[in-house]
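Here the structure is laid out as structure tokens; the discussion comes afterwards.
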Amino acid sequence: MEAVKKEGKLIVVEKQTNNYRVASAPGKVLLTGGYLILERPNAGLVLSTNARFFAIVKPLYQPLKPDNWASGCTDVKLTSPQLARESVYKLSLKNLSLEYVSSGDSRNPFVEQAVQYCVAAARATVDKKNKDSLEKLLLHGLDITILGSNDFYSYRNQIEARGLPLTPDALATLPPFASITFNDEGSNVENCKPEVAKTGLGSSAAMTTAVVAALLHYLGVVNLPSMLKDHQHEKHIADLDLVHVIAQTAHCIAQGKVGSGFDVSSAVYGSQRYVRFSPEVISSAQVAVTGTPLQEVVPQILKGKWDHDRTKFSLPPLMTLLLGEPGTGGSSTPSMVGSVKKWQKSDPQKSLETWKKLSEANSALEMQLNTLSKLAEEHWEEYKSLIYSCSILKSEKWTQQVSKPSQEIIVKTLLGARDAMLGIRYHMHQMGEAAGVPIEPESQTKLLDATMDMEGVLLAGVPGAGGFDAVFAVTLGDAGSHVSNSWSSFNVLALLVREDPQGVSLETADPRTKEITSSISSVNGKLVHPNFSAESMAKITKRLCTLVLRLMAVGATLLAAIVMVTSHQRTSIFGISFEVKYNHTPAFQYFVIANAIATVYGFLVIFLPSESQLWRLVVALDVVITVLLSTSISAALAIGTLGKNGNSYAGWLPICGQVPKYCDQVKGALISSFVGLIIYVLLLLYAIHTVLDPLLLRKT
159 MEAVKKEGKL IVVEKQTNNY RVASAPGKVL LTGGYLILER PNAGLVLSTN
209 ARFFAIVKPL YQPLKPDNWA SGCTDVKLTS PQLARESVYK LSLKNLSLEY
259 VSSGDSRNPF VEQAVQYCVA AARATVDKKN KDSLEKLLLH GLDITILGSN
309 DFYSYRNQIE ARGLPLTPDA LATLPPFASI TFNDEGSNVE NCKPEVAKTG
359 LGSSAAMTTA VVAALLHYLG VVNLPSMLKD HQHEKHIADL DLVHVIAQTA
409 HCIAQGKVGS GFDVSSAVYG SQRYVRFSPE VISSAQVAVT GTPLQEVVPQ
459 ILKGKWDHDR TKFSLPPLMT LLLGEPGTGG SSTPSMVGSV KKWQKSDPQK
509 SLETWKKLSE ANSALEMQLN TLSKLAEEHW EEYKSLIYSC SILKSEKWTQ
559 QVSKPSQEII VKTLLGARDA MLGIRYHMHQ MGEAAGVPIE PESQTKLLDA
609 TMDMEGVLLA GVPGAGGFDA VFAVTLGDAG SHVSNSWSSF NVLALLVRED
659 PQGVSLETAD PRTKEITSSI SSVNGKLVHP NFSAESMAKI TKRLCTLVLR
709 LMAVGATLLA AIVMVTSHQR TSIFGISFEV KYNHTPAFQY FVIANAIATV
759 YGFLVIFLPS ESQLWRLVVA LDVVITVLLS TSISAALAIG TLGKNGNSYA
809 GWLPICGQVP KYCDQVKGAL ISSFVGLIIY VLLLLYAIHT VLDPLLLRKT
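Laid out in structure tokens, this is it:
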């Protein structure tokens, strides 16, 4: 680290040393373009997420291991803590071959290819004056650690084993980078993936990209943009392009085929509209597998015509991406793609017709989403008001919220996006039936139909190639919490994944030891998931404040009822003995009943789940309780004032001078109840602000 002056301020920045480097790359959700994206010029909309893979690269030996000079090779160690695996390789510095020397079989072909292609790229691009430094750096060995956010993997088994509900809150109790679980060997689900249970966020592409980025930055080939300064990405476009080329090549060679590459592209550049590159650009790399030296292949790849097309894209404002895991183990994308291609060859006319209609539906959805982004920019206040209005209503009632001409256009566009999504689902389902693969299985169809019918849901579908992977939904305003809670009743676990348009980035430290972009926090002794956003923490804080206020209200009304019930005093006047009690006065009896009701009500509300839709009923009941307390206090206060001051017009004498203890208790009960009333007024105002009328009071 070093200190520099910038704009008159002293800033601590990371000095370029050869200690270690940490890079991260995001997972993806393919919103549109499933299957079609495999062929040019079909486009797909792909969203990058806040689920990220991290790669940590540092020297394996300090100081330099002398044997490496003589042997002409260096050591590479790969550690995957989540799988409890460690692999050791020998990297030949002559031909860049990688020899696996560990016992057992825990190879990772994606990292292996990333290491070889990164070293070859470093040698192909390094200046002559820095060549010796590069070779010396390689002789220190490479120590690589890979870590994936929990959202890449399924943890339903752990949650269920703990007896926790299938909710995001339960998922958040897991430690970051938890041990990875596996699918059941006896699963009978067709196309169910074996081994690691994943959620379909593109873990191999994110991992490969993170490793490539960290290695190239460590070797001095590129200068990655910082995660904390997303505006730097455009300034580093040449470096990102190099990362993209090497990551695409390594990923394709590792998986044994040239895919569309949208997953790697989104891992490098973030959310985008993507058209694939021509597969021929990687043909030289495929030749290298048969024996051509990488030193000859990589320069050709770097100079190749990478004709992919990408355009920035993100969801319109005030819209949230949700992912739900049905718990069916995921699907094998290569197997499903193979079946679809086989169907294309067997029935070219029908398949071409289906693809054309699907492409039109994809384009329609893209157009509607882009239009919504433009409308939000041009008519922000009307857009914001309408989105929040629609967020608590089903789609058939959205048109009723229109109050201005601009809002009519917005609603038509929202409904147009829904229609386009339904068209996409229909044609994907038709394709699946024709090809004999479950692109949208019946279980997913029921879930998606139910989701599309929920309040505030714009879109719902199966991402990418479909199957049994996670489903997605795009919600309006604050409707996401309702959808997550509703999914739980369908035995679907809502993940903590959200859209994050940022691509590959340089991190400041090991994510296990220091807070990075998604901080690891502790709330009430519970570990919060590293992908918890500031918005999530704000919701937790508001929930805790509300809980404290309700506890105070329960205490105040309970104390008022107890003090009033126990208020009594025996005295004598002119030798006549009598006793005064609260139940001698109907107003005081009403006071006790009202405060008792408020106490019981407040106690029950405390245990209401934070995501329950009954909170909307609570708003109405808060009004009832507020009115009940205010009327009971008014009635009791009138009698209490009469007892203290009397009434000169009616000739009634004050009695508090004769029963001061009784009057003091009544006074105390009134004060305690009044405190409870004030708290309920505050709760009512807050409820109106956050639940009933966010359009007028919410500031975004």
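In the working numbering, each residue carries its 1-based index in the sequence shown increased by 158.
We treat Cβ as the ideally placed atom computed from N, Cα and C, and that holds for glycine.
The structure presented is a predicted model; accordingly, all values stated were derived computationally and were not measured.
- Of the residues assessed, residue 703 falls on the exposed side of the cut-off, its CB having fewer than 16 other CB atoms within 10 angstroms.
- Under a 10 Å Cβ-count criterion, residue 266 is classified as buried, with 16 or more other Cβ atoms of the shown protein chains found around its own Cβ.
- With contacts defined by Cβ atoms closer than 8 Å, residue 301 and residue 218 form a contacting pair.
- Cβ contact annotation for residue 412 (same chain, cutoff 6 Å, sequence separation greater than five): 267, 268 and 271, in chain order.
- As summarised for the region 175-238, the continuous alpha helix (DSSP H) elements at least 4 residues long and confined to that stretch are 225-229, given in chain order.
- Per DSSP, residue 355 lies in no alpha helix (DSSP H) and is assigned neither H nor E.
- For residue 618, the enclosing beta strand (DSSP E) starts and ends at 615-619.
- In the structure shown, the three-state DSSP call for residue 666 is coil.
- Each residue's CA atom was taken as its position, placing residue 280 and residue 215 some 15 Å apart.
- DSSP places residue 759 inside the alpha helix (DSSP H), whose first and last residues are 744-764.
- When rounded, the separation of the alpha-carbon atoms in residue 432 and residue 707 is 50 Å.
- Sequence-distant partners of residue 574 (beyond 5 residues in either direction) whose C-beta falls short of 6 Å from its own C-beta, in its chain, are 526.
- Residue 483 is bridged by DSSP to 651.
- Distance check between residue 713 and each of 834, 747 and 802 places 834 closest, using alpha-carbon atoms only.
- Beta-bridge partners of residue 305 (DSSP): 212.
- Residue 784 places its beta carbon 8 Å or farther from that of residue 753.
- For the pair residue 455 and residue 442, the Cα-to-Cα distance works out to about 6 Å.
- The way I'd put it, the region 556-571 doesn't touch the region 580-596; fewer than three beta-carbon pairs between them come closer than 8 Å.
- Residue 250 is bridged by DSSP to 231.
- Around the beta carbon of residue 700, fewer than 16 other beta carbons lie within 10 angstroms, which makes this residue exposed.
- In the three-state scheme derived from DSSP, where H, G and I count as helix and E and B as strand, residue 243 is classed as strand.
- Taking 8 Å as the upper bound for CB-CB distance, residue 816 and residue 724 are not in contact here, some 19 Å apart.
- Per DSSP, the unbroken beta strand (DSSP E) holding residue 467 starts and ends at 467-470.
- With respect to the C-alpha of residue 603, the residue from 669, 629 and 718 having the closest C-alpha is 629.
- Taking the C-beta atoms as reference points, residue 722 is found nearer than 8 Å to residue 750.
- With fewer than 16 other CB atoms across the displayed protein chains lying within 10 angstroms of its CB, residue 807 is exposed.
- Looking at the backbone, the Cα of residue 553 and that of residue 406 are separated by about 41 Å.
- The criterion of a C-beta distance shorter than 8 Å is not satisfied by residue 263 and residue 654.
- Contact between the region 614-624 and the region 455-468 is not established, with fewer than three Cβ pairs separated by less than 8 Å.
- Distance between residue 474 and residue 480, taken at the CA atoms: about 14 Å.
- Taken through DSSP and simplified to helix, strand or coil, residue 524 comes out as helix.
- Put simply, the region 504-516 does not touch the region 532-547. Fewer than three CB pairs are less than 8 Å apart.
- Membership of residue 565 in the alpha helix (DSSP H) is indicated by the continuous run 563-593.
- Going by DSSP, residue 420 is part of the alpha helix (DSSP H) stretching over 420-427.
- Taking each of 670, 421, 460 and 531 in turn and checking the Cα distance to residue 471, the smallest one comes out for 531.
- With respect to the C-alpha of residue 418, the residue from 772, 188 and 795 having the closest C-alpha is 188.
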